[in-house]
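Residue numbers (this note's numbering): 6 to 119. Everything below concerns the one structure shown next.
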């Protein structure tokens, strides 16, 4: 369990058992919610799951592995957005760059047609 995470940070998250095509179990995820949400008494954050499999999906965004603190090539599954309790955040890994965070925001706007 961690204190309030910050937008752009990467944590190992326990997503639990998957259903269908959901990402499950423990895996990295990027926090995309702002501090005003992350610091509420409900102790929740919004995250995007990360995968180590390149499936050639145009809305899976690559991460700079060395900069982010990840151990192998990884992509953010921008369609896989979850609200998680802080208790599911098991370990801090690193953070995405400002440019990567901008790319995640842009893709979120595109995918959700905002």
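For each residue, glycine too, the CB sits at the ideal point set by N, CA and C. In this text, all values refer to a predicted model and were calculated from it rather than measured experimentally.
- Counting C-beta pairs closer than 8 Å gives three or more between the segment 106-113 and the segment 76-91, which meets the contact rule.
- Going by DSSP, residue 45 is part of no beta strand (DSSP E) at all; its letter is neither H nor E.
- Here residue 64 has 83, 84, 112 and 116 as same chain residues with Cβ atoms under 7 Å from its own Cβ, once five neighbours each way along the sequence are excluded.
- Contact check for residue 100 against residue 20 fails: the beta carbons are separated by 8 Å or more.
- In the DSSP assignment, residue 114 falls within the unbroken alpha helix (DSSP H) covering 103-117.
- Here DSSP, grouped into helix, strand and coil, assigns residue 71 to helix.
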